[in-house]
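In what follows, a single structure is set out as structure tokens and then discussed.
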Ligand code: PMP
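In my numbering, the protein residues as written are 1206 to 1492.
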């Protein structure tokens, strides 16, 4: 696998970063994961704009323009084998003597790699997947896509240990998001999701879903969602660039609605796959 590190393209095994890099020492950096289908990045500009917002939120000067980032992404895709990737970008505040305060001068470390984009197992599409709930114990700036992911890592591990694919998070009895995805629910045919706030990441996939709901006249509303509403939902979906729109059919070992992917999910998934095909020319659905 060819990666990009600070201006060079090289095999990942040869990439070297200083242990004084603030990304390593403090998790002082931001990242993005852009899905690439048939060598075509999906919603690349939206991902790069979100990365700009993350950098603005942590006072990190973006080393490149959006146009330059687009060119770097295309070059990395061209240099790697394979058609479908999760293109990972990380920018840290760079190498400096260890001190919490921002260094007066440092050059951001820029790292990019292409991970294979694994198709969702077919049985997820047919049967949906299981999730658990947990208390959202993370900080209050989850709108920043920060590489400091320990809260998300610990949350995700809980569902791994429970044999589930995601951990859905509740803060003071209200739904926020999941360990690495956004959450939407369906009640009486209405798609509901918590509004964007500092408590959750503004998902690029979530934005696609809301755009598609508007385009196809599917009723939706953004408003706070209680734990009780989550638990009694007809359908629960989690969305992310790599999971796309995934139906959660068991929550904490209880069936969600009828315990199988619901009709509103089926409609949205069809629109999502059609849109992906429209944008990337990628014929086969990922799953
Ligand atoms: N929330 C969190 C905490 C995430 O890590 C992700 C995945 N990056 C998402 C939501 C979904 O974002 P996206 O749809 O842009 O992948």
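Beta carbons are placed, not taken as given, at the ideal position from N, Cα and C, and that holds for glycine. Everything numeric in this text was worked out from a predicted model, so none of it was measured.
Skipping 5 residues on each side, what residues in its chain have a beta carbon closer than 7 Å to that of residue i?
i            : result
residue 1244 : 1282, 1288
residue 1428 : 1397, 1400
residue 1236 : 1293, 1294, 1295, 1350, 1352
residue 1481 : 1242, 1247, 1487
residue 1233 : 1227, 1297, 1298
residue 1230 : 1303
Should residue i be labelled buried (16 or more other beta-carbon atoms within 10 Å of its own) or exposed?
i            : result
residue 1265 : buried
residue 1334 : buried
residue 1310 : exposed
residue 1223 : exposed
residue 1358 : exposed
residue 1393 : exposed
residue 1374 : buried
Can the beta-carbon of residue i be found closer than 7 Å to that of residue j?
i            : j            : result
residue 1430 : residue 1441 : no
residue 1367 : residue 1337 : yes
residue 1409 : residue 1251 : yes
residue 1356 : residue 1340 : no
residue 1381 : residue 1405 : yes
residue 1315 : residue 1211 : yes
residue 1439 : residue 1467 : yes
residue 1407 : residue 1322 : no
residue 1387 : residue 1345 : no
residue 1209 : residue 1317 : yes
residue 1291 : residue 1365 : no
residue 1391 : residue 1484 : no
Does the ligand PMP have a heavy atom nearer than 6 Å to the CB of residue i?
i            : result
residue 1432 : no
In chain order, what residues of the same chain lie with their CB nearer than 6 Å to the CB of residue i, ignoring the 5 residues before and after it?
i            : result
residue 1300 : 1223, 1225, 1226
residue 1313 : 1268, 1296, 1299
residue 1274 : 1253
Less than 8 Å between C-beta atoms, sequence neighbours within five positions excluded: which residues of the same chain meet that for residue i?
i            : result
residue 1284 : 1207, 1214
residue 1418 : 1396, 1424, 1425, 1473
residue 1477 : 1413, 1414, 1417, 1449, 1450
residue 1361 : 1371, 1372, 1384, 1385
residue 1255 : 1237, 1350, 1407, 1409
residue 1460 : 1454
Within 7 Å of any Cβ in chain C, is that where the Cβ of residue i sits?
i            : result
residue 1273 : Going by chain labels, chain C is absent from the structure shown, which holds only one protein chain.
Can you list every residue whose CB sits closer than 6 Å to some heavy atom of the ligand PMP, going in chain order?
-> 1238, 1357, 1382, 1385, 1386, 1387, 1406, 1408, 1409, 1410, 1411, 1444, 1445, 1446
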